[in-house]
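Notes to accompany the following structure.
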Amino acid sequence: MQRMIRAMLLGLMLLGSTQAHAVLEVTVTEGVTGAIPVAVAPFAWEGEGRPDEDVGRILAANLTRSGLFEVEREGLPPVPSGPVDFLAQPWADAGMEYLVTGSKRPDGDDVIVEFHVYDILAEERLGGWRIPVPADLLRRGAHRVSDIVYEQITGDPGAFSARIAFVSVDRQDDARTFSLEVADSDGANPRTLFRSRKPIMSPDWSPDGRELMYVSFENRRSEVFRQNVETGERSRIASFSGINSAPAWSPDGRQLALSLSRDGSPNIYVMDLASGDLRQLTRSRAIETEPVWSPDGETIYFTSDRAGGPQIYAQPVSGGSARRLTFESGYAAAATVSPDGRSLVYVEGGGGGFRLARLDLDDRRVTQLTDGRDAESPSFAPNGSMILYAMTDAGRGLLGSVSRDGQVHQRIAAREGEVREPAWSPPN
Amino acid sequence: MNTVFRLTLAAIVMAALSACATPTRDADEAERAAEREAAAEQERAEREAAEAEARALGRDRQFDAAALDDPDSPLAERLVYFDFDRDEVKSEFMPMLEAHAAYLSENPGARMRLEGHTDERGTREYNLALGERRAQSVRRVLNLNGVSDDQLEVISYGEEMPVAFQQNEEAWSKNRRVELVYESRR
Chain S
1 MQRMIRAMLL
11 GLMLLGSTQA
21 HAVLEVTVTE
31 GVTGAIPVAV
41 APFAWEGEGR
51 PDEDVGRILA
61 ANLTRSGLFE
71 VEREGLPPVP
81 SGPVDFLAQP
91 WADAGMEYLV
101 TGSKRPDGDD
111 VIVEFHVYDI
121 LAEERLGGWR
131 IPVPADLLRR
141 GAHRVSDIVY
151 EQITGDPGAF
161 SARIAFVSVD
171 RQDDARTFSL
181 EVADSDGANP
191 RTLFRSRKPI
201 MSPDWSPDGR
211 ELMYVSFENR
221 RSEVFRQNVE
231 TGERSRIASF
241 SGINSAPAWS
251 PDGRQLALSL
261 SRDGSPNIYV
271 MDLASGDLRQ
281 LTRSRAIETE
291 PVWSPDGETI
301 YFTSDRAGGP
311 QIYAQPVSGG
321 SARRLTFESG
331 YAAAATVSPD
341 GRSLVYVEGG
351 GGGFRLARLD
361 LDDRRVTQLT
371 DGRDAESPSF
381 APNGSMILYA
391 MTDAGRGLLG
401 SVSRDGQVHQ
411 RIAAREGEVR
421 EPAWSPPN
Chain V
1 MNTVFRLTLA
11 AIVMAALSAC
21 ATPTRDADEA
31 ERAAEREAAA
41 EQERAEREAA
51 EAEARALGRD
61 RQFDAAALDD
71 PDSPLAERLV
81 YFDFDRDEVK
91 SEFMPMLEAH
101 AAYLSENPGA
111 RMRLEGHTDE
121 RGTREYNLAL
131 GERRAQSVRR
141 VLNLNGVSDD
151 QLEVISYGEE
161 MPVAFQQNEE
171 AWSKNRRVEL
181 VYESRR
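Okay, structure coming up:
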């Protein structure tokens, strides 16, 4: 696993070394009321010199960014020197509910990160971990630590180790440059995979997190390309007459659902990636696009305007007829499926605006998640906690993120240029 | 872009000034309404005459390649605009399309690319499909006027290639378009 990550990072650095990247900045715009107070003590360095990354700082930033925690780092009581002599009272007096302590020490080419999580109200240590991390990947290690701490406190796995792919757009006078980029979940380490004067859209991760499928107009029409994130190796997957678009990798990584208009109007097809064989899933004269797979690989959800306006439908991959799922508004499109397969988040239009809504598949309840005017391209985090999406502010494209209950909102803007088309990677 | 904005602003300011200067007496109002009606009637008559002429041009006259560069020729018009989330070609664009159809029929070696576009509202993938539908609507009009499919290529850019970047109906209406691009003229 570590070797794979190292190879991946090396590939990214080689690809990105001479180019400028969209540097992202995350702001929490709306958090939960009653965020959990957590103390994160400094992670002391027990060795010569200084390590590159401050693991405690990255952990604190990650927890804060989730919107679920209020992180305290200053004016803390004396930190316990070992895991056993923990005294809860001073921390309870300081208003804390959880405490994370940690240290780092060199071990050959690795750094050993050791940390402990304490539940102050229960007066007990929830656990201690010792993780070896390659010294040059300490930032990645800090995200791994964050995932564990998040899971200890909330009971849900963290998604900090996952990465995001997105498209950035630089506009200089009338010329626009489009870049497909990959960054850590906090926007750090952005790397450019592909750059073009023509539009790029709809990136989708392979289930193993090593490749992306996306649409590029580099040949003046929409075509689907596949690119290895580690090596940069790239190939054209679909270039039929008409539209080639909306690629969606199957959960087993062997098939690709996509929208093709080779027979006159866009329909959903499933391509076997080993052979390139195509199977047509929908047959209508309407617009059929934006396919996504259920996690069990048995159902494809897609957008169709066969009833007039665009709505979300479900159809068994094995065949059979499509079932309409959305009825609440005149415009429902671009569904993303939660990792547990029990809900869809999609773009709902009406009243001149486009918002995100969540449909719970068990009871068909619909919850509105955003009230902005122009939400687009939702993508579920691999732990199901958040949905990343695209929006605009004063005509400038940026990313937003909302918790699955609609309570926590974040904005993610590039320091320069625009960002759009976010896609959250599978868990790392 | 800035020039357009300045001009628009200037027009608004002038309109506001003239509004201030307008007398408010009822008699004047009635007179003005009558004048407006007469002007509108004249404009309508002129437009209908122009459309009839353009139709005649499209059906009966033959075009040579030089007409493509003549700003007064209906062939100089290369843009078809659409309503939001619609793909029907509006009647006002028929004379222009009939002229292009006549040219393409007269010049079987000519090739045209039909590029479909949408405004930014709605999802990118849906808009990619909608742009293609618009270009296909234009292709059907050309087909009905005798143009062979071999001469036409339909592509869609969806919402990806706007010509106006503001977020208002004026900009959106410019972006909902099919562009007629001659790839080869004869």
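Protein chains in written order, with this note's numbering: chain S, 1 to 428; chain V, 1 to 186. Glycine included, C-beta positions come from ideal geometry on N, C-alpha and C.
Measure the C-alpha to C-alpha separation of residue i and residue j and round it to an integer number of angstroms.
i                           : j                            : result
aspartate 272 of chain S    : glycine 242 of chain S       : 20 Å
glycine 397 of chain S      : valine 345 of chain S        : 20 Å
arginine 254 of chain S     : phenylalanine 217 of chain S : 25 Å
arginine 253 of chain V     : serine 73 of chain V         : Given that chain V is displayed from residue 1 to residue 186, the structure contains no residue 253 of chain V and the question cannot be resolved.
isoleucine 148 of chain S   : leucine 99 of chain S        : 13 Å
arginine 185 of chain V     : valine 89 of chain V         : 24 Å
alanine 92 of chain S       : aspartate 119 of chain S     : 10 Å
glycine 309 of chain S      : arginine 125 of chain S      : 55 Å
isoleucine 5 of chain S     : glutamate 159 of chain V     : Residue placement at isoleucine 5 of chain S is poorly supported in this model, since its pLDDT is 38, which falls under 50; the coordinates are not used for a value here.
serine 105 of chain V       : serine 173 of chain V        : 30 Å
valine 80 of chain V        : alanine 246 of chain S       : 27 Å
aspartate 110 of chain S    : threonine 299 of chain S     : 44 Å
arginine 25 of chain V      : glycine 400 of chain S       : Confidence in arginine 25 of chain V is poor, its pLDDT being 45 and thus under 50, which makes the residue's placement too unreliable to answer from.
aspartate 363 of chain S    : glutamate 328 of chain S     : 14 Å
valine 117 of chain S       : proline 132 of chain S       : 18 Å
glutamine 42 of chain V     : proline 71 of chain V        : 24 Å
proline 203 of chain S      : glutamate 114 of chain S     : 36 Å
arginine 133 of chain V     : serine 265 of chain S        : 8 Å
valine 134 of chain S       : glycine 141 of chain S       : In the sequence on display, residue 134 of chain S carries proline and not valine. If you take the alpha carbons of proline 134 of chain S and glycine 141 of chain S, they lie about 8 Å apart.
proline 291 of chain S      : valine 317 of chain S        : 11 Å
glutamate 181 of chain S    : glutamine 315 of chain S     : 32 Å
phenylalanine 69 of chain S : valine 40 of chain S         : 11 Å
aspartate 119 of chain V    : glycine 330 of chain S       : 18 Å
arginine 177 of chain V     : aspartate 64 of chain V      : 26 Å
For a contact meaning CB atoms closer than 9 Å, what does residue i contact in chain S?
i                         : result
methionine 112 of chain V : None at all; the shortest Cβ gap to chain S is about 14 Å.
With 8 Å set as the bound, which would you pick, yes or no: does the beta-carbon of residue i sit closer than that to a beta-carbon of chain S?
i                        : result
serine 156 of chain V    : yes
glutamine 166 of chain V : yes
leucine 130 of chain V   : yes
tyrosine 182 of chain V  : no
Going by Cα to Cα distance, which pick from the options is closest to residue i?
i                         : options                                : result
alanine 76 of chain V     : V/His117, V/Phe93, V/Phe84             : V/Phe93
threonine 449 of chain S  : S/Val32, S/Trp205, S/Arg197            : Shown here, chain S extends from 1 to 428; a query on residue 449 of chain S therefore has no answer.
tryptophan 45 of chain S  : S/Ile36, S/Val55, S/Ala39              : S/Val55
alanine 162 of chain S    : S/Gly155, S/Ala175, S/Asn189           : S/Asn189
alanine 110 of chain V    : V/Ala102, V/His117, V/Gly116           : V/Ala102
proline 51 of chain S     : S/Pro382, S/Arg105, S/Pro78, S/Ala88   : S/Arg105
serine 239 of chain S     : S/Pro251, S/Phe43, S/Ile153, S/Asn219  : S/Asn219
alanine 61 of chain S     : S/His143, S/Asp340, S/Met386, S/Thr303 : S/His143
leucine 193 of chain S    : S/Ser206, S/Asp208, S/Thr231           : S/Thr231
aspartate 173 of chain S  : V/Leu180, V/Gly116, V/Val163           : V/Val163
isoleucine 164 of chain S : S/Ser379, S/Met391, S/Gly49            : S/Ser379
If we cut at 8 Å on Cβ distances, does residue i have a partner in chain V?
i                            : result
methionine 201 of chain S    : yes
threonine 303 of chain S     : yes
isoleucine 243 of chain S    : yes
arginine 365 of chain S      : no
arginine 396 of chain S      : no
isoleucine 164 of chain S    : no
alanine 175 of chain S       : no
isoleucine 287 of chain S    : yes
arginine 221 of chain S      : yes
glutamate 290 of chain S     : yes
serine 377 of chain S        : yes
phenylalanine 217 of chain S : yes
proline 310 of chain S       : yes
Which residues in chain S have a C-beta closer than 8 Å to the C-beta of residue i? List them in chain order.
i                         : result
arginine 134 of chain V   : Within chain S, no residue comes near arginine 134 of chain V; the closest Cβ sits about 12 Å away, beyond 8 Å.
threonine 118 of chain V  : The premise fails here: threonine 118 of chain V is roughly 12 Å from chain S at the closest Cβ pair, so nothing lies under 8 Å.
methionine 161 of chain V : Pro199
Against residue i, what residues of chain V qualify as contacts under a CB-to-CB distance less than 9 Å, listed in chain order?
i                            : result
phenylalanine 354 of chain S : Arg121, Gly122, Thr123
alanine 333 of chain S       : Gly122, Thr123, Glu125, Tyr126
proline 422 of chain S       : Neighbours of proline 422 of chain S on chain V: none; closest Cβ ~12 Å, over 9 Å.
Could you work out which residues of chain V lie near residue i, taking near to mean beta carbons separated by less than 7 Å?
i                            : result
valine 347 of chain S        : Thr123
phenylalanine 115 of chain S : Within 7 Å Cβ-Cβ: nothing; phenylalanine 115 of chain S doesn't reach chain V, min ~42 Å.
Quick one: which chain V residues come within Cβ less than 8 Å of residue i?
i                     : result
serine 259 of chain S : Glu125, Ala129
Please decide whether residue i counts as near chain C, where near means a Cβ-Cβ distance under 8 Å.
i                      : result
proline 247 of chain S : The displayed structure is made up of protein chains S and V, and chain C is not among them.
Item checked: Three or more C-beta pairs below 8 Å linking the segment 250–260 of chain S and the segment 219–238 of chain S -> Contact between the segment 250–260 of chain S and the segment 219–238 of chain S is present, with at least three C-beta pairs closer than 8 Å.
Margin query: Taking contact to mean 3 or more Cβ pairs, one atom from each stretch, closer than 8 Å, check whether the segment 207–214 of chain S and the segment 136–154 of chain V are in contact.
Written below: The segment 207–214 of chain S vs the segment 136–154 of chain V: no contact.
Notebook entry, point to check: Would the segment 154–165 of chain V and the segment 332–340 of chain S be scored as touching if the rule is three or more Cβ pairs under 8 Å?
Noted result: With contact defined as three or more Cβ pairs closer than 8 Å, the segment 154–165 of chain V and the segment 332–340 of chain S are not in contact.
Notebook entry, point to check: Does the count of Cβ pairs from the segment 347–357 of chain S and the segment 365–372 of chain S closer than 8 Å reach three?
Noted result: Result yes; three or more Cβ-Cβ pairs closer than 8 Å.
Notebook entry, point to check: Do the segment 418–427 of chain S and the segment 163–172 of chain S meet, that is, are 3 or more Cβ pairs less than 8 Å apart?
Noted result: The way I'd put it, the segment 418–427 of chain S does touch the segment 163–172 of chain S; three or more beta-carbon pairs between them come closer than 8 Å.
Notebook entry, point to check: Between the segment 399–417 of chain S and the segment 25–39 of chain S, do three or more beta carbon pairs fall short of 8 Å?
Noted result: As far as the Cβ criterion goes, the segment 399–417 of chain S touches the segment 25–39 of chain S, which means the pair count is three or higher.
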